Each structure stands twice: as structure tokens, then as C-alpha cells.
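Have a look at the structure below, then the notes.
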Amino acid sequence: MLRDKSALIAMSGGVDSSVAALLTLEHGFDCVGSMMKLFSNEEVDCREKSCCSLTDADDARAVANKLGIPFYVFNFSDVFKEKVIHRFVEIYQNGGTPNPCIDCNRFLKFGKLLHRAHETGRNYLVTGHYAQIKKDLASDRFLLKKSVDLEKDQSYVLYAMTQDQLKHTLLPLGGMTKSQTREIAIDNGFVNAKKQDSQDICFVPNGNYADFINKYTGKPPAKGQFLDTDGSYLGEHKGIIYYTIGQRRGLGLSGQHPMYVCSVCAEANTVTVGTTDKLNAKTLIARDINLIPIKQLDSAIKVHAKLRYKQLEQPATVWQLDSDTLRIEFDAPQRAPAKGQAVVLYDGDLVIGGGTIDGTA
RNA sequence: UGGGGUGUCGCCAAGCGGUAAGGCACGGGACUUUGACUCCCGCAUGCGUAGGUUCAAAUCCUGCCACCCCAG
6 MLRDKSALIA MSGGVDSSVA ALLTLEHGFD CVGSMMKLFS NEEVDCREKS
56 CCSLTDADDA RAVANKLGIP FYVFNFSDVF KEKVIHRFVE IYQNGGTPNP
106 CIDCNRFLKF GKLLHRAHET GRNYLVTGHY AQIKKDLASD RFLLKKSVDL
156 EKDQSYVLYA MTQDQLKHTL LPLGGMTKSQ TREIAIDNGF VNAKKQDSQD
206 ICFVPNGNYA DFINKYTGKP PAKGQFLDTD GSYLGEHKGI IYYTIGQRRG
256 LGLSGQHPMY VCSVCAEANT VTVGTTDKLN AKTLIARDIN LIPIKQLDSA
306 IKVHAKLRYK QLEQPATVWQ LDSDTLRIEF DAPQRAPAKG QAVVLYDGDL
356 VIGGGTIDGT A
């Protein structure tokens, strides 16, 4: 049986989730702190900047102690390996560009961990994301909205949340700014009050994801051909996993103008490069979609869409093609949509939903 | 082997006697809970080589070397 005012706090060891824990406690919830163990130290060189490393666990535990709440570590490394790392590697090998943080949110935080909360009788999962969840009485659906602090808004990485997940999730920082969070952490003497924000992929040491993939697969990357947009040979590439659509640096190709990756073909093991004007696409197809305020789109709607985490939303029109496919046509061409990345749709500060980019049309 | 042309940073390329532009690539940083993009900073005491003329040469002169083209 789930108790109404009980929560499991997802703590990363960072400032945000620590303050989220404090605020939840102050709201009268019965709280338990937790951390997901996502990989072993032998597998990954944990480093300070990532979330969920060893020192982060110490920080999270220290904060939990300070708050006087229990703190548990759950070993989810098997699921993480299957749902995040394996997918990550596979998508790169297929010429796509994965977003492991979104997968981790979907399958681990709001999947495994939320389930664990329920298993232990707790009604809510609390995270330190900057976004807001609201119940819409008219439609009886839960809505996901941007955070008040638009600079820090993280709704992009939460677009895949289901109604059930939204119903059982609390985001105490959604109405706050990052600086307010920091202040609270400092005022409360949290050890991580001044810790820098996490960045890069947590399971990839030094930010070198390609090395990680090579080590994971145990195979050296297959070199192949760089082609220009006319199909002529320009040079040898290091292996398709090293490239993503729109990439400029690291190609080693010199020309009159900067060269960017225009497409990656896994079958032919080729990477096509061209000038920046070759990267624009107006229409794209998204699969594995999720819609939040509505069950399905019966007709085309106008939205504002983002192709990447830090991007101003762009006006677009969306059609639903089938139960799992959206067609998104932007008013103006967009630069470098990459297969595997997430496209997220907004109406003002409301998240309509999103999907995984499958290609351009 | 004759005749012509060219040799400036990894690539392209300014310079035309007054003390080495720029772009690309590369390196570093900022930004960032993915990958990218973007922005900022750095990047030839030396201009194929050896001499010479000049107060002063990548720039003029001479030899040599390399590469390219045309003839054989």
C-alpha cells in the first residue's frame, strides 16, 4: 500500500537533488534518500564531474545524514548496462547519435527507481530536475512544464515521461532558480553546495565516448571513407562512431570552408561531409514517441520544437502518422537533425511530447 | 636531355625591398546532465637551399635542389 506523503529521493550527490530532498522533507513528507549504483568501478573510471560516482555517493550520504533520513544505494547496474550503455553503443554503431541521459531517465530513474519506490511502499519519487508537473483537472491528465528558471530548464530530458510516472513524481526545484538552490544548499551547510554541475556522459571517463565504445565492444573501429556531397573520396575516417551529423571538429579535412558531417552510412561505412549549408532539413520523422497532455494527435498542430537540449524552440507543425510516429515540419529549415537525438515539442511552457529522430523527410 | 613554370605553417593562400595577412586543419578554454554547434585564445625569429647586392630581402641577383608542364 502506498502512503500518500512518502517519497523516495533520487540523489545524485549534486546540489540539486540534495536541495530537492530538503524541500520534500520540509513539505512534511516521510523521506528516504537513495542512489542508483549504475556501474562498477572496474568497468568505468569514475570521476568527479559525473553523476553517481563514488565521491558523489559520499556526498549524497552526507546530505542524507545531515537531513536525518535513511540512505540506500540500489544496484541497477544490470539494467543500466542493458538499457543505457548497450543501447548507446548500438546506436553509435548504426550511425546514429544516442542520448543516454534521456534513456537513463526513462528506464532507470522513472523506471527502475520509481518501481523500487513503490515496492517499498512509497508513493512518490523525487528528483532535482528543473521542470514542473501539474495536474490538469479538465483533462484529468498530468502535465509537464518548463521550470520557472528558463535558463536551467530540463524539461527536454523528461519528455518521455508517462502519465503514471508523472503522477508519482515530484520536482521540488521546478519553481526555483539555480541560484536559489545554491543559496539553500549553502545556508544548510551541504558539503556539495559549491560543487559544479555535472556534465558529459556519466559512464564515459574523460568524455571520450569513442574509446569507451571500442573498449566495450573489444573491437577496433573500422576505418572508412570520407566522401563529399558529390560522392568523391576525400580521405579516410577513423570509424563512424567518431562522427555525428553536424560535427565540424576532429575531421582533419581542410578546405576553403569548414567541413561538417552531413550523413553517416553504417552499411557502407562512409561519412559524407560538406559545407554548413548542406545540413539544413525542414521536415523530420520521429519514432518511439510520447505525448503528454493528449493521447494522440487527431490533426496537425502548431508547436515549438527543440532538436537539442540547448536550443531556442523553433515553430513547426506536427502530424501523427501512426501510434508511434510523428512528422514534424519546421517553418524554417533546421540545422543538422541527428538520428537518435530527441525532438521535443512545446506549446509555450507546456511539453506536448517528443520522440527520437529517425530521419529527415 | 632541351624549353617553360613553381617552390611562404599540416593544406590553401596574401605578400612585389622596410622588418611574415587570412581561411582550413590542429591544440587549449568557455558553454553544456547526451552527441554536436557556437564563442574565445593559441598556432612560421621565418618564407626550398647556398651565397651575393643593400642600412634593410620572402621580396633583387647567382648557383644548386625539388616538383609540374611542353617537347623528345
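Residues in the first sequence are numbered consecutively from 6, following our numbering. Using N, Cα and C, we set each Cβ at its ideal position, and we do this for glycine too. Since this is a predicted model, take the numbers as computed values, not measurements.
Task: Beta-carbon proximity of valine 162 to methionine 181, cut-off 8 Å - done: Not a contact, by the Cβ cut-off of 8 Å.
Task: Buried or exposed by the 16-neighbour rule on C-beta atoms within 10 Å, applied to glutamate 53 - done: Residue confidence for glutamate 53 is low, a pLDDT of 45 falling below 50, so the modelled location carries little weight and cannot support an answer.
Task: Span separating the alpha-carbon of proline 263 from that of proline 338 - done: Distance from the CA of proline 263 to the CA of proline 338, rounded to the nearest whole angstrom, comes to 20 Å.
Open item on the list: Just verifying my parser: in three-state terms, what is the DSSP assignment at tyrosine 214?
Closed with: The answer is helix: DSSP assigns tyrosine 214 an H, G or I state.
Open item on the list: So, for lysine 172: in the same chain, excluding its five sequence neighbours on each side, which residues have a beta-carbon less than 7 Å away from its beta-carbon?
Closed with: Result list for lysine 172: Phe147, in chain order.
TODO: Could you spell out the range, first to last residue, of the alpha helix (DSSP H) harbouring lysine 42?
DONE: Unbroken run through lysine 42 is the beta strand (DSSP E), 35 to 42; no alpha helix (DSSP H).
Task: Whole runs of the alpha helix (DSSP H) within the segment 158 to 239, excluding any shorter than 4 residues - done: Listed in chain order, the complete alpha helix (DSSP H) runs (minimum 4 residues) inside the segment 158 to 239 are 168 to 172, 183 to 192, 214 to 222.
- [ ] Just the C-alpha distance for arginine 332 and tyrosine 351, rounded to the nearest angstrom, thanks.
- [x] Their backbone Cα atoms lie some 15 Å apart in a straight line.
Task: Touching by the beta-carbon criterion (3+ pairs, under 8 Å), the segment 248 to 267 and the segment 82 to 90 - done: Counting Cβ pairs under 8 Å, fewer than three are found: no touch.
TODO: Go ahead and pull the three-state DSSP assignment for valine 348.
DONE: Shown here, valine 348 sits in a strand according to DSSP, grouped into three states.
Task: Same chain, Cβ closer than 6 Å to isoleucine 357, neighbours up to 5 away in sequence not counted - done: Cβ within range, chain order: Val308, Leu350.
Task: The beta strand (DSSP E) enclosing glutamate 272, as first and last residue numbers - done: Per DSSP, glutamate 272 lies in no beta strand (DSSP E) segment and is marked neither H nor E.
Open item on the list: To the nearest angstrom, how far is the alpha carbon of serine 55 from that of leucine 43?
Closed with: Residue placement at serine 55 is flagged as unreliable, the pLDDT there being 48, under the threshold of 50; a coordinate-derived value is accordingly withheld.
- [ ] Could you check how far apart the C-beta atoms of arginine 292 and glycine 360 are, in whole angstroms? I think they sit under 8 Å.
- [x] Right, their Cβ atoms sit about 6 Å apart.
Task: Same chain, Cβ closer than 8 Å to alanine 198, neighbours up to 5 away in sequence not counted - done: Excluding residues within five positions, the ones whose Cβ falls inside 8 Å are Val20, Arg187, Ala190, Ile191.
Open item on the list: Just to confirm the assignment, what range does the beta strand (DSSP E) spanning valine 24 have?
Closed with: Careful: valine 24 lies outside any beta strand (DSSP E), inside the alpha helix (DSSP H) at 20 to 31.
Open item on the list: I need the DSSP call for phenylalanine 335, collapsed to helix, strand or coil.
Closed with: When secondary structure is reduced to three states using DSSP, phenylalanine 335 falls in the strand class.
Task: the segment 125 to 135 touching the segment 279 to 286, judged by at least three CB pairs closer than 8 Å - done: No, the segment 125 to 135 does not touch the segment 279 to 286.
Open item on the list: I need the DSSP call for aspartate 141, collapsed to helix, strand or coil.
Closed with: Annotated three-state conformation of aspartate 141 is strand, per DSSP.
Open item on the list: At the level of alpha carbons, what is the spacing between lysine 78 and asparagine 213?
Closed with: Looking at the sequence shown, residue 78 is not lysine but valine. Whole-angstrom Cα-Cα distance: 27 Å.
Task: Residues of its chain near alanine 165, where Cβ-Cβ distance is below 6 Å and the 5 sequence neighbours each way are ignored - done: If you ignore the 5 residues before and after alanine 165, its C-beta comes within less than 6 Å of the C-beta of Arg111, Asn295, all in its own chain and listed in chain order.
Task: Outcome for serine 268 when other beta-carbon atoms lying within 10 angstroms are tallied against a minimum of 16 - done: That one is buried.
Open item on the list: Using the three-state DSSP reduction, which class does tyrosine 314 fall into: helix, strand or coil?
Closed with: Three-state DSSP puts tyrosine 314 in coil, outside helix and strand.
Task: Through-space distance from leucine 176 to alanine 136, alpha-carbon basis - done: Their Cα atoms are separated by approximately 7 Å.
TODO: Mind reading off the beta-carbon distance from phenylalanine 195 to valine 37? Whole number of angstroms is fine, and I expect it under 8 Å.
DONE: Actually they are not in contact, since the Cβ atoms of phenylalanine 195 and valine 37 sit about 18 Å apart, beyond 8 Å.
- [ ] In the DSSP assignment, find the beta strand (DSSP E) that holds phenylalanine 79 and state where it starts and stops.
- [x] Annotation: the continuous beta strand (DSSP E) that includes phenylalanine 79 extends over 76 to 80.
- [ ] Let me know the secondary structure DSSP gives arginine 254 once reduced to three states.
- [x] Reduced to three states, the DSSP call for arginine 254 is coil.
TODO: Please name the residue in Glu334, Ser17, Gly73 whose C-alpha comes closest to that of glutamine 204.
DONE: Ranking the options by Cα distance to glutamine 204, first place goes to Ser17.
TODO: From the DSSP output, read off the bridge partner residues of phenylalanine 147.
DONE: Per DSSP, Lys140.
Open item on the list: Does proline 105 come out as helix, strand or coil in the three-state DSSP assignment?
Closed with: Note: proline 105 maps to helix in three-state DSSP.
- [ ] Mind checking which residues open and close the beta strand (DSSP E) that includes leucine 13?
- [x] Segment 8 to 15, the beta strand (DSSP E) holding leucine 13.
- [ ] Would you kindly report the start and end of the unbroken alpha helix (DSSP H) that includes tyrosine 97?
- [x] Run containing tyrosine 97: 91 to 98, per the alpha helix (DSSP H) assignment.
Task: Length of the line joining the Cα atoms of isoleucine 362 and threonine 330 - done: If you draw a straight line from the Cα of isoleucine 362 to the Cα of threonine 330, it is about 10 Å long.
- [ ] State yes or no: is the C-beta of serine 45 within less than 8 Å of the C-beta of proline 298?
- [x] One thing to note: serine 45 has its Cβ no nearer than 8 Å to the Cβ of proline 298.
Open item on the list: Assuming alanine 291 is part of the beta strand (DSSP E), what are its boundary residues?
Closed with: According to the DSSP assignment, alanine 291 belongs to the beta strand (DSSP E) that extends over 285 to 296.
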